[in-house]
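These notes concern the structure reproduced below.
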Amino acid sequence: MGMIKLDGLPVEQPAAEPWPPLSDNGDEYTIRVDEMFARQLDNAFAGHVRGLLHDPETGVAARTGEVALEAIAAALPALDELKNRTLSQAVGPRQRSMLEPLIDTRLDRAAGTLGRLAHRATVEVDDASVADRIAGLKQDAATAWQDPAYLHQLGRTAVDELRYQGERHGWDPAETDARVRTGLSDLYVGAVETAIDQNDLDGAAALYDHARPVIDPERQTVVDRRFVGAREAALYRDVDRDLAGIPIEPAGPPGAEVFAERAAELTPEDANDEVCARIGQVANFAQRRAERQWEKQQSEAGVAALDWIGKNPQASVATLPPDIGDWLAPDQWRGLEALQVEGRLKTNGDLFERLDRQMVYEPDRFAALDLDRYRLSLDHEDRARFASAQKAIADGRLDPRYVRYDWLRRGIDRTLKTQGIDSDGPDAVQVRADARDRLKSFETIEGRVPVVGDLDDIARRAIDTVVPQDAWTGSDENIPAEDRSSTPDIPLDEERLPSPADNNVHQVSAHPAMPDAMSAEGGTMPPYAADPNIIRVAGGGNSSRRGGGGRSVTPIEEMRRANFQSTLKALRELEPNNRELTYVAPRDWVPREHDVARVQEELSRARARAAGETSAVPIGEYAGESISAGSPGRRVTSEERREVDRIGSEQGCHSCGATGSGTLLKRWVPDHQPPTALIRQGQAQRLYPQCISCSRRQGGEVNNLKRERNRE
Amino acid sequence: MIRKAQFTPQNAQVVIVDPKGKIVVPKWTRDAAFVWTDTCIFFGCRPDIEGDTMLTLGDMREVDPGTPPVLQVKLKTPSRKIALESIDIQTILEADVSGQETLVRIWANHPMSPDNVIVGFE
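Here the protein sequences line up with chains A and B, keeping their order.
Residue numbers for the first sequence, in the working numbering: -14 to 697.
Residue numbers for the second sequence, in the working numbering: 68 to 189.
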């Protein structure tokens, strides 16, 4: 006996006493061993054959139709090859002579199984071809439903096909008849339903009467219901078509009573309540449609009038063609007359205020307005301003000009309210007009875009024109709670629009941007600054948000939040679709310690998975809790083993989900992830509980990968 | 010559191969005690959390404990060597063999988690 010493490996132990000698009858023993190994090889052979034939995913039996026939053709040579390979494992002629008959028996059985599978596959292919043929005949019947002779011919062909299929299957006559009746019924029902779908109810009814004797009674019930539904739908269509013909006069859209009366005339005498109600709905819809058409006519008339004036600058508006003039509303006429007198369009103040208010406080409604309707009542500049805002809202864009004005107007309105000034009154209108002028000229005068401090200043100056100096206040206390919540949560500066890379953005649900310069304003904050919906997302050391229910964030919480966000950022780089990145949190949410620990653990898993993707030994899909494995190569401590046992008993094997470890002492294998054999230098590992079967399987995969890498 | 080693097996198994041969590793099937190809045997041992495993390698006639082996396989040994390795391909025991194909018999003291594994070659 010798010793081999290898660095880093355990030293050999002296040989123990040999195990007890063989029994006296050595020949018997050899025969017994040969029998045992012949059985062992036969078992392995049987396992391979089972896999080849019956594996739920790859076996021949799992396939159907033509794929199965191909698999059967490939299985025969594979069985031969398997037989030769297994026989080559036999040691000596006696073992071989024991093994060969065992294998041949199994091959006979396999051949029988393959024969049955081939028969089944052939039937499936045959059935599929018949099904395709019948489906084709049904399609032909649907397209040729108006040709009874051709339909009859198609029906005859379908019957022949199905009867022949019955013969091949050996079905009894009753079963064949049943299938033939069903096939023929389906063919004619398809044709009738196509006729219904094409709204030819008379043609459909005629065909249905003709084919009723061959249509299954249950299908007849379904077809009857379809006829009822189709007739009702046709009635509603007819009513709607008739109501659409009610003329629309320039004086105004027809009233609801006009549509209701006409609908009542069109309602059949025997109509039930449900049908009457539906016809009423159709009438309501038709009336709203007429209103929209009338408004559209007015809009088009306004545009047409403007064009006409442009082409006929010297002509009197009295000579406006009646097909235009008749449709103009009084406010449009006034705009048109002002245009002719002053030579330019003039904005209607009341209209402007209405639109301006809608733009800020009801943006969705504002975005749906037809601005052409006010073509003659807004000057070019105001119209362009509203059109631009409307487009930005409709596109879901954040137009900085619009956002700045939104901010400005809400602040002014709020301050005016605290002063008891009517926000729709003349003073308020003057303040807003003044503020708009100042905002418009700011960039030209200052050479830069205004930030919040500037907006505050603009608001203050505009308000000072109508209220005493000491009435202005920048104090937060003067902002009513309901107003705070209505302040828009949108960026004022295009440079600070939220981006996915901005960590702070992930905690908010919408547009949490504000320019840095806003916080640089010395001391005085705008009256709307305490709005809890406004979140400060400035960079540098002043990234905390204001508001948040009034509670300030402590430095420790700030650090924890930063830690949480940086972990999420790293996670995002590894796995952009990781579930931890899809959370929704309240705006003032501060992660707790265990939240940070959770995302850090997920990051570790993601890193391990990243390594696993290249090693093909990833963390299992049942992975839950895990613990740090410490430095690579270090033995697992008893405390760590206990912890892994605890996790295993609670959560099972991370690879297969098994609830038992499969080891003698019921202990769980602490699985290093990524596997020790595959980690990069400095790469951290974690320990997950694993059952012994998965541990061995993983070991085999690691060994294989390691050999492949060595070969490379 | 008999070689022995106390071994803490990673992933509860030992690998038996010709260390310089071209190796096709077998695939483990669930609840199997061992799997093999004609170039490589994965033999299950007691997992390291439950203790070490004693490995023995030697001529079949010397190491045969007198009980039926649990596995007999003809292994290709083109370099005329046979080795017991860990999963990360560290050699634990190694011996010369006479031919390019070697009959290997393995005895174990437990059907699924043996802590005494004897590998004999002819």
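For each residue, glycine too, the CB sits at the ideal point set by N, CA and C.
Best match in the options for proximity to residue i [C-alpha to C-alpha]
i: V130 (chain B); options: B:A175, B:Q73, B:V81; result: B:A175
i: V199 (chain A); options: A:L440, A:L169, A:V177; result: A:L169
i: E327 (chain A); options: A:R360, A:A303, A:D364; result: A:D364
i: L424 (chain A); options: A:D132, A:D409, A:G410, A:D441; result: A:D441
i: E322 (chain A); options: A:Q299, A:E338, A:Q343, A:D341; result: A:Q299
i: A289 (chain A); options: A:G432, A:R360, A:A669; result: A:R360
i: P133 (chain A); options: A:D194, A:H154, A:V144; result: A:D194
i: E168 (chain B); options: B:V102, B:F74, B:E189; result: B:E189
i: L588 (chain A); options: A:Q670, A:S634, A:A53, A:G230; result: A:Q670
i: Y221 (chain A); options: A:P235, A:D255, A:V267; result: A:V267
Coarse secondary structure for residue i, derived from DSSP in three states
i: M68 (chain B); result: coil
i: C112 (chain B); result: coil
i: K554 (chain A); result: helix
i: S170 (chain A); result: helix
i: T98 (chain A); result: helix
i: W392 (chain A); result: helix
i: L67 (chain A); result: helix
i: D157 (chain A); result: coil
i: S589 (chain A); result: helix
i: Q157 (chain B); result: coil
i: I761 (chain A); result: The requested residue 761 (chain A) is not part of the displayed model; chain A covers only -14 to 697.
i: V81 (chain B); result: strand
i: K331 (chain A); result: coil
i: S426 (chain A); result: helix
i: L170 (chain B); result: strand
i: G133 (chain B); result: coil
i: A466 (chain A); result: Only weak support exists for where A466 (chain A) lies, its pLDDT of 43 falling under 50; the value from the coordinates is given anyway. Residue state, collapsed to three classes: helix.
i: H491 (chain A); result: Low confidence applies to H491 (chain A): its pLDDT is 32, below 50, so where it sits in the model is not reliable, and the reading given next is rough at best. H491 (chain A): helix per DSSP, three-state reduction.
i: Q343 (chain A); result: helix
i: I448 (chain A); result: helix
Minimum Cβ-Cβ distance from residue i to chain A less than 7 Å
i: N78 (chain B); result: yes
i: E189 (chain B); result: no
i: G111 (chain B); result: yes
i: P16 (chain B); result: Here chain B has residues from 68 to 189 only, and residue 16 (chain B) is not among them.
i: I154 (chain B); result: yes
i: D98 (chain B); result: yes
i: S146 (chain B); result: no
i: S180 (chain B); result: yes
i: V92 (chain B); result: yes
i: Q139 (chain B); result: yes
i: P135 (chain B); result: yes
i: E117 (chain B); result: yes
Any chain B beta carbon closer than 7 Å to residue i
i: N562 (chain A); result: no
i: L649 (chain A); result: yes
i: V18 (chain A); result: yes
i: Q74 (chain A); result: yes
i: S613 (chain A); result: no
i: G684 (chain A); result: yes
i: V654 (chain A); result: yes
i: H491 (chain A); result: At H491 (chain A), the pLDDT of 32 sits below 50, so the modelled position is not reliable and the matter cannot be decided from this model.
Beta-carbon proximity check, residue i vs residue j, cutoff 7 Å
i: T721 (chain A); j: V575 (chain A); result: Given that chain A is displayed from residue -14 to residue 697, the structure contains no residue 721 (chain A) and the question cannot be resolved.
i: H33 (chain A); j: L67 (chain A); result: yes
i: C112 (chain B); j: A79 (chain B); result: yes
i: L138 (chain B); j: A72 (chain B); result: no
i: I181 (chain A); j: R211 (chain A); result: yes
i: D125 (chain A); j: L139 (chain A); result: yes
i: V414 (chain A); j: A447 (chain A); result: no
i: I709 (chain A); j: D412 (chain A); result: No information on residue 709 (chain A) is available, as it lies outside the stretch -14 to 697 that chain A covers here.
i: L556 (chain A); j: N562 (chain A); result: no
i: I612 (chain A); j: L559 (chain A); result: no
i: F30 (chain A); j: I88 (chain A); result: yes
i: P238 (chain A); j: W279 (chain A); result: yes
i: K143 (chain B); j: D105 (chain B); result: yes
i: R386 (chain A); j: V345 (chain A); result: no
i: V629 (chain A); j: P655 (chain A); result: yes
Proximal residues of chain E, C-beta to C-beta of residue i below 7 Å
i: I677 (chain A); result: Absent from the structure is chain E; the protein chains it does hold are A and B.
- Message: Give the list of continuous beta strand (DSSP E) stretches no shorter than 3 residues that lie fully inside the region 620 to 683 of chain A.
- Response: Counting only runs of 3 or more residues that sit fully inside the region 620 to 683 of chain A, the beta strand (DSSP E) segments are 654 to 658, 671 to 675, in chain order.
Entirely within the region 259 to 317 of chain A and at least 4 residues each: give me those alpha helix (DSSP H) ranges in chain order.
307 to 310
Problem set entry | Runs of alpha helix (DSSP H) lying entirely within the region 196 to 264 of chain A, each at least 4 residues, in chain order | 202 to 229, 241 to 251
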